[in-house]
Amino acid sequence: MAGAKRPLSEADGNVSGPPPSSKRQAAKSYAGRENDAALYTTLTKGELCQLLRSRHLKISGTKAELVQRLEQHDSNTHTAESSTHVPEHTDAVQGASEERLEFWTICRPLDDITVEKRATYEDYESSEDDEGEGEQMQRLAQTCGTKQCICKKPSNAHPQHRWLLSREGYKTLAHMRYEEAIRNEDNYAEYHFSDFNGYGFQEMMENQLLSFNKEISKKQPSVAALWSLIEGFAFDLPDEMYFHIDDPDHVLATLKLVGGAVFCTLRILKERSLLRPNSSVKNIALVLALLRRNHSEWPSGEEEPELAWCDAAIREAQRSGIEFKGAPFRIQATLREAVHFLFKRSGARSIGGRSYVLETPKDRAAAKANYTFW
1 MAGAKRPLSE ADGNVSGPPP SSKRQAAKSY AGRENDAALY TTLTKGELCQ LLRSRHLKIS
61 GTKAELVQRL EQHDSNTHTA ESSTHVPEHT DAVQGASEER LEFWTICRPL DDITVEKRAT
121 YEDYESSEDD EGEGEQMQRL AQTCGTKQCI CKKPSNAHPQ HRWLLSREGY KTLAHMRYEE
181 AIRNEDNYAE YHFSDFNGYG FQEMMENQLL SFNKEISKKQ PSVAALWSLI EGFAFDLPDE
241 MYFHIDDPDH VLATLKLVGG AVFCTLRILK ERSLLRPNSS VKNIALVLAL LRRNHSEWPS
301 GEEEPELAWC DAAIREAQRS GIEFKGAPFR IQATLREAVH FLFKRSGARS IGGRSYVLET
361 PKDRAAAKAN YTFW
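Next comes the structure, spelled out in C-alpha cells:
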C-alpha cells in the first residue's frame, strides 16, 4: 500500500550498500606494495611492460590485457602467501581461548595441612593423623558451604590464594569421585575380593585416559578439557587402595601413561603460548607439584623409572619461566633439594661420567689387577 512504512530491518534497494568486491579492490588490500593494482591503470604501457619483465611475465597484448595479467599475478601470489603465512590475528584467537579459561579457588586439602603439621610441630605424633582425621574431615565438611568456605570463588577476587582449580577441573574431579564411589564395595555393603576397590580405581583411571586420548585426537583439542583431566589426576592421586593392589606393574604402566598425557598437554600449552609465567592457565605449577608429591608416595619408596616424568615435567615448566612456590607446602625447599641432588659432585651437569664412583684411584688400580678381563 502506498505510503506504508517498512521495518528498518528490511533492505532498501535505494540505499547504497557496500559495492561488490572486485579483483582491483581486492588487490588494494596489498598496502605498501609499489605495484598497487589501483595504480596499474594510471601507468603507461611501457611502465606496465617493465613490471611484467621484473616478474618474468609476457609483455605482449593491449594495455587492458597487461593490467589484467598483473592483477592475476598479484592475486595468485597473495593466495600462496596466505596458505603458508600465519595469520596476524593468531594472537587474538589465542587470547579468546585464554578468556574461556575460568579458575576458581578451592579449600586447602587436608593432606597438605597434615604435611605442614608434621614438619612444624616437634611434638606432633603420626597417630594423631588416624585419631583426628575423621574429626578434621568433618570440620572441613562443615566449613565448606559456609561463609568461611573458599571453594568456587573467582580466583581474581582472591589473588593471594594459591589453591586453584579450573571450572572444568571441578567438573572432572567431581566426575572422578563419583566413578570411584560407584566402584567402592564398602558403599554397597558388599565384598568381592580384597583388591576390588583398587581395581575399580584402576578402571576409572583407564576411562579417564581414554577420554584424554579422544580429546587429544581432535584436530583442535580443547585446552580446558585436556587440562581438567590433568587436574583430576593431580587432585585425585594417590589412592592408597589403588597403589597397593597385587599388580603393581599394571599400576606403574598406567601412571606412565598419565605422564604421557601430562607431556602432551604441556606441548599443547606451549604451542598456544600458554606455558609461561602469568598464563591464563593459572595453576600449572600447583598441578605439576601435586603430581610430583603424590607420586612420590609410591609404596616401595624407591625411584621407579615409570615415574621419572614427574620431575621432568617440572623442569620443562621451569624452563618456560614458571615458578614453583607457596603450594603445596614446602614445594620450594623440596625442589631445591631435588635439583641439588641432580648436580654432579663436580658441580656441573653432565650425562654419565664417573662422578659418583666412591673408590679411590688406588682402589681402582687394585681392582683392575684382580679382574684380568678388564
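Per full-length UniProt numbering: the sequence shown ends with 374, consecutive numbering throughout. Built from N, CA and C at the ideal position, the CB exists for glycine as well.
As assigned by DSSP and simplified to three states, the class of residue i
i           : result
Phe193      : coil
residue 387 : Examination of residue 387 is not possible in this model, given that the chain is present from 1 through 374 alone.
Pro305      : helix
Leu288      : helix
Pro109      : coil
Pro277      : coil
Thr84       : The predicted position of Thr84 is uncertain, since its pLDDT is 44 and thus under 50; a value taken from the coordinates is nonetheless stated next. Here Thr84 sits in helix by DSSP.
Glu168      : helix
Asp311      : helix
Glu34       : At Glu34 the pLDDT is 38, less than 50, meaning the model places this residue with poor confidence; the figure from the coordinates comes in the next sentence. Coil.
Tyr199      : helix
Gly353      : The pLDDT assigned to Gly353 is 39, lower than 50, so where the model puts this residue is not dependable; a value taken from the coordinates is nonetheless given after this. Correct three-state label for Gly353: coil.
Thr41       : coil
CB contact flag (residue i, residue j, <8 angstroms)
i      : j      : result
Leu257 : Thr172 : no
Pro277 : Ile322 : yes
Val251 : Leu269 : no
Ile245 : Trp163 : no
Ala317 : Leu286 : no
Phe235 : Ser166 : no
Ala289 : Phe212 : no
Leu70  : Leu48  : yes
Trp309 : Gly232 : no
Phe263 : Ala313 : yes
Unbroken beta strand (DSSP E) run spanning residue i, endpoints
i      : result
Thr105 : Phe103 to Thr105
Min CB distance residue i to chain B below 8 angstroms
i     : result
Lys58 : Although the question refers to chain B, the structure presented lacks it and comprises just one protein chain.
Enclosing alpha helix (DSSP H) for residue i [first to last residue]
i      : result
Tyr242 : Glu240 to Phe243
Ser228 : Val223 to Asp236
Ile322 : That residue, Ile322, is in no alpha helix (DSSP H); it is neither H nor E in DSSP.
Gly259 : Pro248 to Glu271
Nearest-angstrom Cβ-Cβ length linking residue i and residue j, presumed shorter than 8 angstroms
i      : j      : result
Thr254 : Leu226 : With 8 angstroms as the limit, Thr254 and Leu226 do not qualify as a contact, their Cβ atoms being about 18 angstroms apart.
Leu210 : Asn294 : Wrong, their Cβ atoms sit about 22 angstroms apart, outside the cutoff.
His73  : Arg53  : No, His73 and Arg53 are not in contact; Cβ-Cβ is about 12 angstroms, not under 8 angstroms.
Phe196 : Tyr242 : At roughly 11 angstroms, the Cβ-Cβ gap does not stay under 8 angstroms, so Phe196 and Tyr242 are not in contact.
Lys63  : Lys45  : 5 angstroms
Mind the definition here: the region 186–194 touches the region 206–215 only if three or more C-beta pairs lie below 8 angstroms; say whether that holds.
no
Segment contact, 8 angstroms Cβ cut-off, at least three pairs: the region 181–189 with the region 162–170:
no
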